[in-house]
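Quick note: the sequence shown uses the working numbering, first residue 3, plus one each step.
Where is the CB? At the ideal position from N, CA and C, for every residue including glycine.
Everything on this sheet refers to the single structure shown next.
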Amino acid sequence: MDALLTIPREATPAVVFLRSEIPAEHPSSAILGQERLGAGVAIAPDRILTAHYLVMGARKLEVTGFDGRGREVRRTAIDHTTGLALVTLEGPALRPARLRDDGEPPPGMPIFMLTCTRDGERKATTGHVSAVGPFEAFWEYMLDRAIMTTAINPGLAGAPLFDLDARLLGLVSLGLAAVGRYSLAIPATAAWWSRAWWTAVPRTARE
């Protein structure tokens, strides 16, 4: 239990709050709404990963760091294949998370989820990896590899998923209704080999 209690202190500075405004005429607004709140995680001092539907079609995007200070959005890259978005920022440097890139997390591995519930408030929960494998949804969304966990997201979408060493595993994209599979995370490593990431990510997130 002591190890679990120390994880938020190391991981929390990497988690950011997102708020986006989407015009009514955008196709996604009818289903996802015109205002979207979520979380993201810093993978470099000036870049964050988040779930792509949080920023899709946004005409205005606000990003607030753990320090309560806003960052100006310079550009956004959306990858519809993985369901991730990379947001490049200007402003005070963020403290990036470390990436776990030594293979897929095995079933049963303890994990930690940390997210925002609103601007300035974060909540966490723990659980285990229940499965890693393909995922397909009825709305024609498919992942070759997805991480299913027993943890229930305590807040907003885009929550980063960590191992017990506070290394980034993925980003929570969906809540699931299956017993023992309460949340689905997109592996963060999917970003490294996707062609959508036309700007190289510094090694900070990999070390």
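- Counted as a single uninterrupted DSSP element, the beta strand (DSSP E) harbouring L86 occupies residues L86 to E92.
- Ranked by how close their Cα comes to the Cα of T119, the residues A192, A41 and A148 have A41 in first place.
- Boundaries of the beta strand (DSSP E) harbouring L20: V17 to E23, taken from the DSSP string.
- Taking the CA atoms as reference points, G93 sits about 5 Å from R73.
- The beta carbon of T78 lies closer than 8 Å to those of V57, A60, L63, A87, L88, V89 and T90 in the same chain, with the five residues before and after it left out.
- In the DSSP assignment, L34 falls within the unbroken alpha helix (DSSP H) covering S31 to L34.
- DSSP places T14 in the helix class (H, G or I) of the three-state scheme.
- Boundaries of the beta strand (DSSP E) around D81: G72 to D81.
- Counting C-beta atoms within 10 angstroms of its own C-beta, G122 has fewer than 16 neighbours from the protein chains shown and is therefore classed as exposed.
- Shown here for T127: same chain residues with a beta carbon closer than 7 Å to its own, the five before and five after excluded, namely M115, A153, I154 and P156 in chain order.
- If you check the CB distance, A161 and L186 do not come in under 8 Å.
- According to the DSSP assignment, R61 belongs to no beta strand (DSSP E), since it is labelled neither H nor E.
- One thing to note: I45 has its Cβ no nearer than 8 Å to the Cβ of V18.
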